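Engineer: In the working numbering, the protein residues as written are -8 to 225.
Where a beta carbon is used, it is the ideal one built from N, C-alpha and C, also for glycine.
Keep in mind it's a predicted model, so treat the numbers as computed, not measured.
Provided herewith is a single structure, encoded as structure tokens, for subsequent inquiry.
Structure (structure tokens):
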């Protein structure tokens, strides 16, 4: 399916249309023939697909109409950007699945009640990679350990690691994998930095890596993803 923005002719187009993929990169818009990608069906993919399937079933069978109405109301107050950069609003079901897929990926509790219609927590301006070793593989992630979420049970900072790239590659449009979560704790709040010893990508010395982060609260309220600077592995 392609998104088309009409003008005197066509102002913008993004997606699949008639066997052709329309997209854009730093050089501008482009089109190419669509080839069906391989499906490696990795364990990571299987887990995410299973989460999506379970959430669809939960929306239909577990949620009452009152709960679904709550998600519809929340979705109407949560604008998002589509592939053309336009503001759109998702349905309540889409929002429920998006919020809870994020929670389940981090082994947090599914939330069937919509988050309060309130401002999300601010992004973490201290978020950074402070060490990255290729052998043994480990990564140190710094964050603001005075932020309110750190002292809340069920809250977390989710870490998404970008695929490592060589220093000569400028383009940062790369895939991400979930690297782990830093969990809030009302008794013993986490302290910065946190060391991750299991990484979702293979890292070689000299690779450039950056992370995306997202803060989630027990209610399901989430920040938009925020990004660290590049860090060179050793």
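If we count Cβ pairs, one from each stretch, closer than 8 Å, do we get three or more for the stretch 184 to 199 versus the stretch 117 to 125?
Structural biologist: Judged by Cβ distances under 8 Å, the stretch 184 to 199 makes contact with the stretch 117 to 125, as three or more pairs qualify.
Engineer: Rounding to the nearest angstrom, what Cα-Cα distance links residue 189 and residue 40 in this structure?
Structural biologist: The residue given as residue 189 occupies position 198 in the chain shown. The residue given as residue 40 occupies position 49 in the chain shown. Roughly 22 Å separates the two Cα atoms.
Engineer: Here's the rule I'm using: 16 or more other beta-carbon atoms within 10 Å means buried, otherwise exposed. How should residue 171 be labelled?
Structural biologist: For the purposes of this step, residue 171 is identified with residue 180 of the chain shown, where counting begins at 1. That one is buried.
Engineer: Just the Cα atoms here: how many angstroms apart are residue 83 and residue 101?
Structural biologist: Taking the chain shown and counting its residues from 1, one reaches residue 83 at position 92. Taking the chain shown and counting its residues from 1, one reaches residue 101 at position 110. Answer to the nearest angstrom: the Cα atoms are 15 Å apart.
Engineer: If you pair each beta-carbon of the stretch 91 to 111 with each one of the stretch 152 to 159, do three or more pairs fall below 8 Å?
Structural biologist: In short, these stretches do not touch, since the Cβ pair count stays below three.
Engineer: In this structure, does DSSP put residue 61 in helix, strand or coil?
Structural biologist: The residue given as residue 61 occupies position 70 in the chain shown. Looking at residue 61 - three-state DSSP - the assignment turns out to be helix.
Engineer: Mark residue 141 as exposed unless 16 or more other C-beta atoms lie within 10 angstroms of its C-beta, in which case mark it buried.
Structural biologist: Here residue 141 is taken as the residue at index 150 of the chain shown, counted from 1. Residue 141 is buried by the Cβ-count criterion.
Engineer: Are the CB atoms of residue 147 and residue 207 within a distance shorter than 7 Å?
Structural biologist: Translated into the one-based positions of the chain shown, residue 207 becomes position 216. Translated into the one-based positions of the chain shown, residue 147 becomes position 156. Yes, the pair counts as a contact, with Cβ atoms nearer than the cut-off.
Engineer: Output the distance between the C-alpha atoms of residue 90 and residue 174, rounded to the nearest integer angstrom.
Structural biologist: Against the chain shown, residue 90 aligns to sequence position 99. Against the chain shown, residue 174 aligns to sequence position 183. Going by the C-alpha atoms only, they are around 17 Å apart.
Engineer: Can you tell me which residues form a DSSP beta bridge with residue 174?
Structural biologist: Position 183 of the chain shown, counted from the first residue, corresponds to residue 174. Per DSSP, 147.
Engineer: Taking the beta carbon of residue 115 as the centre, do at least 16 other beta carbons fall within 10 Å, making it buried, or is it exposed?
Structural biologist: The residue labelled residue 115 in the question sits at position 124 within the chain shown. Label assigned to residue 115: buried.
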